[in-house]
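Peer 1: Take a look at the following structure, please.
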Amino acid sequence: MYTKLFLRLAISIGFLSAVADRLGLWSKTVSVWGNWDNFLDYTQTINPWLPTALIPAAGMLATAAEIIFGIFLLVGFKTELFAKLSGFLILLFALSMTFSTGIKGAFDFSVFTASAAAFALGTMKEKHLELDSLLGKGH
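Here is the structure:
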């Protein structure tokens with residue numbers, strides 16, 4: 010019961026923290042990107058095959074997905090679906106990192122682990138402190 014809650018919170022807060030970082034909401038002393046332009050530079054780095062003109066759209070798409078998935082996991086709305094979608098999104102990040110900058114960064118930032126955790130979350134059916142349980146919709 011608490012494992013599922015912990016996974017939901019860890020994945021959702023991870024997404025929302027990353028979004029806050031790229032929007033400059035974290036202190037410069039702890040941020041990874043610190044602003045949108047630095048985030049887009051990193052997006053280009055891990056997607057070198059993507060035309061430069063498409064990088065802003067890719068950054069916006071990733072950010073929108075992280076906000077939506079993060080909020081829905083946080084409140085427990087369609088948890089199994091959004092956990093699986095999160096697993097695919099994080100796996101995409103992991104593979105992009107691996108093929109562009111090497112596997113060490115993907116291991117150091119535990120993105121394969123986070124992807125596996127999201128996929129595991131997607132298999133858990135019990136409801137605990139989830140909006141789905143209040144709505145009476147489990148699946």
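Sequential numbering from 10 applies to the sequence shown in our numbering. We treat Cβ as the ideally placed atom computed from N, Cα and C, and that holds for glycine.
(1) Between leucine 82 and leucine 138, what straight-line distance do the alpha-carbon atoms span, to the nearest angstrom?
(2) So, does the segment 95-104 touch the segment 39-52, judging by three or more C-beta pairs under 8 Å?
(3) Should the segment 129-137 be called in touch with the segment 73-80, which here means at least 3 C-beta pairs below 8 Å?
(4) If you run the structure through DSSP and keep just helix, strand and coil, what is alanine 129?
(5) Determine the burial state of valine 39: buried for a count of at least 16 other Cβ atoms within 10 Å of its Cβ, exposed for fewer.
(6) Select from Gly96, Trp58, Gly145, Ile64 the residue whose C-alpha is nearest the C-alpha of serine 109.
Peer 2: Taking the geometry as given:
(1) On the sequence shown, position 73 is the one that residue 82 refers to. On the sequence shown, position 129 is the one that residue 138 refers to. If I take the Cα positions, the gap works out to 11 Å.
(2) no
(3) no
(4) To locate residue 129, count along the sequence shown from 1; it is residue 120. Alanine 129 falls in the helix class under three-state DSSP.
(5) Looking up residue 39 in the sequence shown gives position 30. Classification for valine 39: exposed.
(6) Taking the sequence shown and counting its residues from 1, one reaches residue 109 at position 100. Restricting attention to Gly96, Trp58, Gly145, Ile64, the CA atom closest to the CA of serine 109 is found in Trp58.
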